[in-house]
Amino acid sequence: MSKVQPSPILPPELIYNPTSAGLDEAYGIAQSQQQEGQSQKQKGEPRPQWRYLLDSLKALGPAAMMDRHEKAQRILRDDGATYNIYDDEHSPSRTWGLDLVPGLINSEEWAVIESGLLERAELFNALLKDIYGPRELIRHGVIPPEALFLHAGFLRACHGIETPGEHELILHAVDMVRTQSGEMCVLTDRTQAPSGMGYALENRTVMSRVLPSLFRDSHVHRLAPFFQRLRQKLSSLSVNHDQPRVVLLTPGAHNETYFEHAYLANYLGFPLVQSGDLVVRNGFVWMRSLDGLSRVDVILRRVDDWFCDPVELRNDSQLGVANLLEVVRAGRVVIANPLGSGVLENPILLKYMPAISKALLGREPRIQSVATYWCGDPEDYKYVSAHMDKLVIKPLYRGTGEVSKRLVDLDEAERVKLLTRLKERPAHYVAQPTLLPAHLPSFEGNKLVPRPAITRSFAVASDSSYTLMPGGLTRVGTTEGAFVISSQAGSQSKDTWVIASEPEHSRASDVTSDVSNIPSDTQLISLPSRVVENLFWMGRYAERAEASLRILRTVFMMLNGEELISDLSRKHLLEAVTGITGTAPGFKDCSQEILKNPEQQLLQIAKDPHLAGSIHFSLNAMLRSADESKELLSSDTLRVINDIRDALENLDSALTGDLGSAPEEALDPLVTALMALAGLARESMVRGIGWRFMELGRRIERAMQTVCIMEHLLLPVVPEHDQNALMESLLLSVEALISYRRRYRARMQVAQALELVMLDPSNPRSLMFQFEQLKRHIDALPRAKTSIELSAEERTVLSGETTIRLSLINKLSEVSDGERPELSALLKKIHDTLSQLSIDISDKYFDHRIGPQQLVRSNWQ
Amino acid sequence: MKYRIRHITEYQYADRVSHCYNLAHMIPRTSLRQTCDRSQVKVAPHPAFTSRREDYFGNQAFHFEIQRPHEKLIITSESDVEVGSQRSGINLDFGITCSEALELLESSKDDEVLLAREFILDSPMVRATKALRAYAEPSFTDDRPLLSAVANLTKRIFEEFEYCPESTTVATPLDEVMANRKGVCQDFAHLQVGCLRAMGFPAKYVSGYIETLPPPGQEKLVGSDASHAWISVYSPREGWFEFDPTNNQICGEQHIITAWGRDYFDVTPLRGVIFGGGENPILSVSVDVARLA
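Which chain is which? The protein sequence lines are A and B, in order. So for the first sequence, the numbering used here puts the first residue at 1; every next one is plus one. So for the second sequence, the numbering used here puts the first residue at 1001; every next one is plus one.
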C-alpha cells in the first residue's frame, strides 16, 4: 500500500497498547458489558504466545522495525508482488502491502479451528455433489428450492459432472474472524477460484527473510507441505498418470491477482496459460505450444466458471475455451475447482448450514457461520426490516458488480435505492449483522496499533480428507473501527503464524523432494506460443526504445554542442529521430520554425505515452509483453523491469522545467536500465526457447534500427562539414565513435564508417553481427525436419547475411547524381529482408487465430 | 400418431469458417406423451467430433466440432416420433383452483412440487414484471380452476396479439412485445411463461414442431411445417399441461416436442462459436413433418 513516510521523530519504544474497544488477540481483553462507557485502559499481561513477539519488537525498536519494513517492501516490489485495482486501467498496480507483525495462533487453538474447517470443507464437498447430482437437500425440504435455483452460480450445464477421486471440491477457502466471544466465525466461503494462497506464501517468504531470528525462534508451522499436497492432488486427478500435464489457467495480466497466478504457476511448476492458449480438438483439450499441440489433463482454474465455455456458458466470453465442458463431461480433462463450484459461495447457504450439516453429517457444524437472514424468507424479511440499521445487506451473487452495504454508511438517496431494490426482489439479498472482529497489533506509521483482522484459510482435498494450510492470509482494517477489510479497499496483509509448542519435526511425507520447481526441458519446449510471441516483442520493443533513447540523446548533445551545426545537419538529424522512432510525419517536411526550436517536439517523442513510437509508448508496450511472460523472467530481471516502470513514471517530471541544461541526462537512467535488462537476458536467463525468441526480436530490431540510421545519416550526400557532423552522430548513437577514432583517427570517411557499422563482425552493433546471431538462433529453433531443404526463415536469414558479405565498400560509397545509389539499394534490400524474417518467424511460430464469434441464432417462424 | 420429421438447417457464410463448435437441440426428447424411436443427425462438412447426451432438463443435446474450413454448414436431423395427446380428457371446469394451487406450491413437501418451483423464477430471457402480472391477472380469479384460467390466458394472448413473422428477432425483449402487441410463436410462449410466473405458477418453455394440415384437396407441401414453441404449466397434484398461445390450443398429437427449458436460452436449436465466417450469414431452415402410416 502507501509507502510509510519516514518520520523524523520516532517514539522511543515500540510498545503495543491494545484496543479498549473489544477483544484483542494479543491481550485477550474483552469489552465487558457493565463497564461500557468507561474509557478504562485495563491493560494486563499479553497472552503467552504473544509475549515473545511483543518483547522482540520492543527490543528491536521503531527505527529498526521501520528499516525492516522498508526492506520487506523492497523485496515485494522486486518480486513483482502486486495487486491490481479493478476499474482503473491506468493506475499502476500496487505493490502488495505487508505488515510485519504476524497474526499468532498457538497449536492447541489451531487444532480446534482446523477440525472445524476440515469438517466444513467435507460438508461443502458433499453439498456440491448433491447440488449437481440428486439434489436430495431440495427434495427433502432441507433447503428451499429458491435458495439454489435463484443463484446465478448454479450452472445447469454442469449437472452430472464428476471429478475423479473422493472429492468434487478440490480447494475450499473461508474468510473468518474472531468474534468478541473469542470464537472463530466464518463470514464467507470461497469456492469459485479461491485467491490468496500465493500471497500467503510470498508473505511467509518475505517474513522469514526480514525477521529471520524471530521467525526461527517462534517455531512456525511450515507452509510448503500444503503446496506439496496441492501439487500431488492436482497431478492425481489426471487420467494420464505417467506424465500428468497440469496447467494454471489465468484470465490474463490485467487480473487483480495476476501476480499470484504467475507466482503459483512457477512455484508449482505448471505452465501458466490463458484461454487462447488452449483449444479443444477431437474431444481433448490441447495447449498450443511451439512444438504443436500438447495434451492438457488438469486445469487449475483462476477464471470464473461462468466464463469458461462460450458454447454452453456465457456466450460472449472472451476468456473461455469452446467446448471445454463437453471434454470435462467425457472425463478427458479435469478442472479444479470444478465448473459450477461458484454456487457454493451463495450466502443463503450460511443460513441453512446447521440444517445441511445435520442432514449430510448427522451433527451440528463444529465451526459457526455468521448469522444470515435471507430476505426471501418471510420471517427473516420481517426481522431484517425491523433491524435494518444493524445489518449488512448483501447480494446473493458476486458476479453482478453489486456489493455488500451497511445501511448506516449510505446517504438518503442510496438508502432509498437499496431499500427499493430489496423490496422488489427480496429473495436476491441476505442480511448479516456487522461483527466487530478481534484486533491484532499492527505496525503502522512507526507505532504498534490495534486493527480489526480477518483471516482467509485454505483447504485442499487430499486422499480421503482435506489438508488445511497451517496459517493463512490475514488482512487488517485501515482504521481501528474499519468495516470493510479487503485488498481492494487498501488493507494491509499479514502473515499468519501457527506456533508449535516445540520445533516442528519434518514428517516423512514432507521431505519428498521438490524437483518440479525446476522447469524441465520438456516444459521449456512446450511453452505456450503466446508467451514466446510476447518474449519476441519484448525484445523488439526494448531494442526500439533503446535505439530511440540513443538517437534522442545524441541529437540533444549535438544541438547543444560546442560546435554550432548547420541548418542542413540539423534537418537530417531531426529527420533521423522521426525515422528511428517511427513518429512520422514529425520533423519530415516540418516548418522552419519547428526545425529551429525542436525541443518541445523532441520531449513529446520522449514522454508522450499516447504518441505511437514515442519512448514512453514503446516501453509501455515492452512492459505489457513482459507482464505476459512474467513467469519466465528471473527475479533480477523483474527488478530491472520495476526500475524501468519507476523511471517511466518519473520521466514526465524529469523532463519538465528548465531544458537549458542537458536534457539528455534525464534519459540516462532509462538507458542504463535497458542496458541492464539486455545484460541480464544474456547472463541470467536460461538458454531456452523463450530466450532465443527474445534475442531474435532484439537482433531483428537492432539491425532494422541500424539500417534506418544509416539511411538518414550516411546516405545523404552533403558538404564535408555536415558529413562530419552526421557521421559523428551516427557513430555516437551506435556507440562506435570511440572505436572509430581509435582505428582511423583521421577525418570522417563514409567507407570507413560503412566498414564499422555494416561489415565488422566484432562490433556488436554492426549489421553483420546481428545476422550472424540471427542465424545461430534460427538454427537452434525446434522444427520438424522432414527434408534437407531450407525453411523459409533459414533462407531469409541466409540471403540477408550473404547480401552483406558480398557487398563492396568502394562501390557502396560511390556518389552519382548527388546520391549513393548502390548503398541506397542495399539498405532497402536489407530492410526488406529483415521485415520478411520477422514475418517468417511470426507465421511459423506464433498464433494467428481469428477471434471466435457467436453463431447467429436461428430465426423463427 | 407417428411422424417422420426432417429438420434441415443451412448456414451460408460470407467468409470462410476455419472451424466451429456447436450445440444443437434438434433431436426430439422423450416425454410422457411422446417417444422418439429413431433419430439421426447428419452434419456437413463432416465433423471431427460429435457427442450426444441428455441435458439437465432431460433434453437431447448434440455436440459437434468441425475442424475443416467451410463456407456452408448443413445440419439434417431426422427422427421418427410417436406422439400421443395429453392425458385423456383435460377438464377445464374441474380441478385445483388458482388459490389452492398457490397454497400447495408454497406449503407442499412433495418433491415434485419443490422441484417445479424452479420454473416460477426469472430465467435468462423471461423476467416476471408487474406489467405481465397486470396483464395476466384478469384470467386468474381465486376460485377458478387453474387450467381454466390458463386456457383463458392462452385465448387472450391469441386474440389480443397479432401474429407477425417479420416483427421480432430472437433478441426482442418482452417489454417490446407487450408494447407492440405483436410477435411470433416464440414471443407468445415467452409472454405466457412470464405471465404465469408473475402470477406465481411454474411454467416451462417448450420447443418443437407442429403438423400443419394442407387446405382441403391440396397435397401437403414438403418443408411447410415449421419449428414452433408453446408452454407447459404446472398444477400441483395434477402435473404439467401444455398450451399453445399461437394457435389457442391445448396441445395434442400435432404438437411434437423437441426440448423444454426455462426459456429459449435453454433449448436454442443451434448455438455455438465459429472462427471466421464474416458478417451476416444467410440462414435457411426447412422442416418437414410427415405422417407415418
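Idealized CB from N, CA, C, for every residue including glycine.
Cβ-Cβ separation, residue j to residue i (assumed contact under 8 Å), whole Å
i, j, result
"Ala1198 of chain B", "Leu1132 of chain B", "4 Å"
"Glu13 of chain A", "Lys58 of chain A", "6 Å"
"Ala26 of chain A", "Pro441 of chain A", "5 Å"
"Gly1261 of chain B", "Lys1204 of chain B", "7 Å"
"Arg245 of chain A", "Arg281 of chain A", "15 Å between Cβ atoms; not a contact."
"Asn864 of chain A", "Pro761 of chain A", "Residue numbering for chain A in the displayed model covers 1 to 861; residue 864 of chain A lies beyond these limits and cannot be assessed."
"Leu319 of chain A", "Pro251 of chain A", "5 Å"
"Val1233 of chain B", "Val1126 of chain B", "About 14 Å; that fails the 8 Å criterion."
"Pro310 of chain A", "Val1017 of chain B", "With a Cβ gap of about 15 Å, Pro310 of chain A and Val1017 of chain B do not count as contacting."
"Thr474 of chain A", "Ser493 of chain A", "7 Å"
Residue i vs residue j beta-carbon contact at 8 Å
i, j, result
"His831 of chain A", "Pro716 of chain A", "no"
"Ser462 of chain A", "Arg229 of chain A", "yes"
"Pro528 of chain A", "Ser238 of chain A", "no"
"His1019 of chain B", "Ile1066 of chain B", "yes"
"Arg699 of chain A", "Leu781 of chain A", "no"
"Leu248 of chain A", "His261 of chain A", "yes"
"Thr95 of chain A", "Arg120 of chain A", "no"
"Leu754 of chain A", "Ser813 of chain A", "yes"
"Asn337 of chain A", "Arg301 of chain A", "yes"
"Tyr1011 of chain B", "Leu1073 of chain B", "yes"
"Thr496 of chain A", "Gly97 of chain A", "no"
"Ala1179 of chain B", "Ser1207 of chain B", "no"
"Leu357 of chain A", "Thr191 of chain A", "Note that residue 357 of chain A is Ser in the sequence shown here, rather than Leu. Not in contact: Ser357 of chain A and Thr191 of chain A (Cβ atoms no closer than 8 Å)."
"Leu1115 of chain B", "Ile1157 of chain B", "no"
"Ser618 of chain A", "Ala676 of chain A", "no"
"Asp847 of chain A", "Arg363 of chain A", "no"
"Ile131 of chain A", "Phe154 of chain A", "yes"
Coil, strand or helix - residue i by DSSP
i, result
"Asn1022 of chain B", "strand"
"Ile1090 of chain B", "coil"
"Val1177 of chain B", "helix"
"Leu781 of chain A", "coil"
"Tyr1011 of chain B", "strand"
"Tyr383 of chain A", "helix"
"Val498 of chain A", "strand"
"Met1001 of chain B", "coil"
"Asn17 of chain A", "coil"
"Cys865 of chain A", "Look at the range of chain A in this structure, 1 to 861, and you will see that residue 865 of chain A is not part of it."
Own chain, CB closer than 6 Å to residue i, minus 5 neighbours either side, in chain order
i, result
"Ser1039 of chain B", "Ile1027, Ser1079"
"Gly582 of chain A", "Gly613"
"Gln35 of chain A", "Residue placement at Gln35 of chain A cannot be trusted, given a pLDDT of 46 that sits under 50; what the coordinates show is reported in the next sentence. Excluding sequence neighbours, Gln35 of chain A sits near nothing in its chain."
"His1007 of chain B", "Met1026, Ser1077, Val1287"
"Ala703 of chain A", "Leu767, Gln770, Leu834"
"Glu628 of chain A", "Ala253, Asn534"
"Ser634 of chain A", "Ser684"
Same chain only: Cβ atoms within 8 Å of residue i, ignoring 5 sequence neighbours per side
i, result
"Asp1175 of chain B", "Thr1129, Ala1131"
"Val334 of chain A", "Thr163, Pro164, Leu237, Ser238, Val239, Asp297, Val298, Ile299, Val328"
"Leu798 of chain A", "Lys775, Leu790"
"Lys607 of chain A", "Ser614, Ile615, His616, Leu651, Asp652, Leu655"
Contacts around residue i, its chain only, beta-carbon distance under 7 Å, and the 5 residues preceding and following it disregarded
i, result
"Arg398 of chain A", "Glu345"
"Ala371 of chain A", "Gln432, Pro433"
"Ile1282 of chain B", "Gln1012"
Any non-hydrogen atom of the ligand GTP closer than 7 Å to residue i Cβ
i, result
"Lys71 of chain A", "Among the components of this structure there are no ligands whatsoever, and the ligand GTP is therefore not found."
- Item | Given 8 Å, three or more beta-carbon pairs between the stretch 609–627 of chain A and the stretch 533–551 of chain A | yes
- Message: For the pair the stretch 347–356 of chain A and the stretch 136–151 of chain A, tell me if three or more CB-CB distances fall below 8 Å.
- Response: yes
- Message: Measuring CB atoms only, is the stretch 722–736 of chain A touching the stretch 548–565 of chain A, in the sense that at least three cross pairs come out at less than 8 Å?
- Response: yes
- Message: Taking contact to mean 3 or more Cβ pairs, one atom from each stretch, closer than 8 Å, check whether the stretch 256–270 of chain A and the stretch 186–201 of chain A are in contact.
- Response: yes
- Query: Okay, do the stretch 129–148 of chain A and the stretch 1106–1125 of chain B touch, 3+ Cβ pairs below 8 Å being the bar?
  - Reply: yes
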